[in-house]
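The structure appears below as structure tokens.
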Amino acid sequence: METYGFLGLGIMGSAMAKNLIKAGFKVKVWNRSAAKCEEFAALGAKVAATPAEVASSCAITIAMLADPAAVREVCFGPQGVLEGVGAGRSYVDMSTVDAGTTKEIAAAVTARGGRFLEAPVSGSKKQAEDGTLIILSAGDSGLFDETVPLFETMGKKSLFLGEVGRGAEMKLIVNMVMGGMMTIFCEGMALAEKAGLDSADLLDVLDSGAMANPMFKLKGGLMTGGNFAPAFPLKHMQKDMRLAVGLGDALGQPLFTAAAANENFKRAKAAGFADEDFCAVYKAIKS
Numbered sequence: 002m003e004t005y006g007f008l009g010l011g012i013m014g015s016a017m018a019k020n021l022i023k024a025g026f027k028v029k030v031w032n033r034s035a036a037k038c039e040e041f042a043a044l045g046a047k048v049a050a051t052p053a054e055v056a057s058s059c060a061i062t063i064a065m066l067a068d069p070a071a072v073r074e075v076c077f078g079p080q081g082v083l084e085g086v087g088a089g090r091s092y093v094d095m096s097t098v099d100a101g102t103t104k105e106i107a108a109a110v111t112a113r114g115g116r117f118l119e120a121p122v123s124g125s126k127k128q129a130e131d132g133t134l135i136i137l138s139a140g141d142s143g144l145f146d147e148t149v150p151l152f153e154t155m156g157k158k159s160l161f162l163g164e165v166g167r168g169a170e171m172k173l174i175v176n177m178v179m180g181g182m183m184t185i186f187c188e189g190m191a192l193a194e195k196a197g198l199d200s201a202d203l204l205d206v207l208d209s210g211a212m213a214n215p216m217f218k219l220k221g222g223l224m225t226g227g228n229f230a231p232a233f234p235l236k237h238m239q240k241d242m243r244l245a246v247g248l249g250d251a252l253g254q255p256l257f258t259a260a261a262a263n264e265n266f267k268r269a270k271a272a273g274f275a276d277e278d279f280c281a282v283y284k285a286i287k288s
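Residue numbers (my numbering): 2 to 288.
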């Protein structure tokens with residue numbers, strides 16, 4: 002049976018890798034903090050010492066990393082993916098980065114004779130745990146076809162969007178919309194509180210009409226209960242908002258609302274909420 006590589010065992014990556022193992026796939030893992038690999042070894046996964054070791058020994062290696070800096074380091078750094086990839090080896094990066102970063106990695110991988118697919122995901126901790134992520138792929142279409150069985154284990158929907166960069170752009174736009182929704186939702190929650198209205202009543206009204214959506218329902222309940230445990234860390238949402246605004250700049254598309262939302266997340270990050278859930282922007286907005 003083929004062994005598949007998995008790099009990055011954070012909030013998202015750990016849940017995704019566990020689903021692959023539970024589904025019966027043979028998996029070899031690596032994480033910057035080696036202690037996180039112990040749990041996966043107990044589940045039957047092999048543990049590698051470096052990204053290069055994973056990429057050289059697995060036909061398909063998946064990465065789920067925090068940001069462009071981490072993605073570049075794992076690919077281009079000492080004993081990184083690029084040292085292990087080559088003919089007969091493929092790299093699938095499911096991290097959320099800008100199109101420029103993913104294009105640079107794609108070019109480097111293919112120059113070494115490997116194949117590349119970007120596949121950022123829409124969804125957070127619960128969707129990763131439940132295997133209901135939406136996967137936004139672009140790059141090598143043949144590799145996409147081969148990776149579908151893995152994607153079907155990790156997600157409920159997989160799209161192929163064309164050339165490298167399209168997946169990154171789609172993911173940034175989706176998260177930009179989500180970040181904008183969260184900030185106006187938090188402003189509404191804060192305004193209701195200042196007006197003396199019961200937040201439960203506001204949530205009930207929103208959930209009963211055209212604006213009903215799972216994010217408001219879930220996050221509203223957590224926020225009113227003071228629960229900001231990270232399903233999607235605020236620092237990552239701010240990174241995505243920054244990259245989305247940068248994409249708008251590059252394309253000459255004004256993004257007034259997204260830029261304002263990004264400033265709210267920057268303020269929350271500066272206030273010390275970076276490692277809390279992205280709904281912790283509420284604490285900065287209501288202060």
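Heads up, the beta-carbon is just placed ideally off N, CA and C, and yes, glycines get one too.
Here Gly140 is bridged, per DSSP, to Leu118. Counting only runs that start and end inside the segment 42-73, the alpha helix (DSSP H) elements of at least 4 residues fall at 52-58. The beta-carbon distance between Phe26 and Ser125, rounded to whole angstroms, is 23 Å. This is too long to meet the 8 Å contact definition. For Asp94, the enclosing beta strand (DSSP E) begins and ends at 91-94. Here DSSP, grouped into helix, strand and coil, assigns Lys220 to helix. Between Thr154 and Gly132, the beta carbon gap of about 6 Å places them in contact (Cβ cut-off 8 Å). In this structure the segment 11-28 touches the segment 143-160; the number of beta carbon pairs closer than 8 Å is three or more.
At a Cβ-Cβ threshold of 8 Å, Ser142 and Phe117 do not count as neighbours.
Of Phe186, Thr225, Glu194, the smallest CA-CA separation from Leu207 is found for Phe186. Taking a contact to require three or more Cβ pairs closer than 8 Å, the segment 259-273 and the segment 212-226 do not qualify as touching.
A Cβ-Cβ distance of about 6 Å is found for the pair Ser91 and Ala60, placing them in contact under the 8 Å criterion.
In this structure, Ala281 and Ala271 do not form a Cβ contact; the two beta carbons are roughly 12 Å apart against a cut-off of 8 Å. Between the segment 199-218 and the segment 243-258 there are fewer than three inter-stretch CB-CB distances shorter than 8 Å, so the stretches are not counted as touching. Just so you know, the alpha carbons of Asn32 and Val82 end up roughly 13 Å apart.
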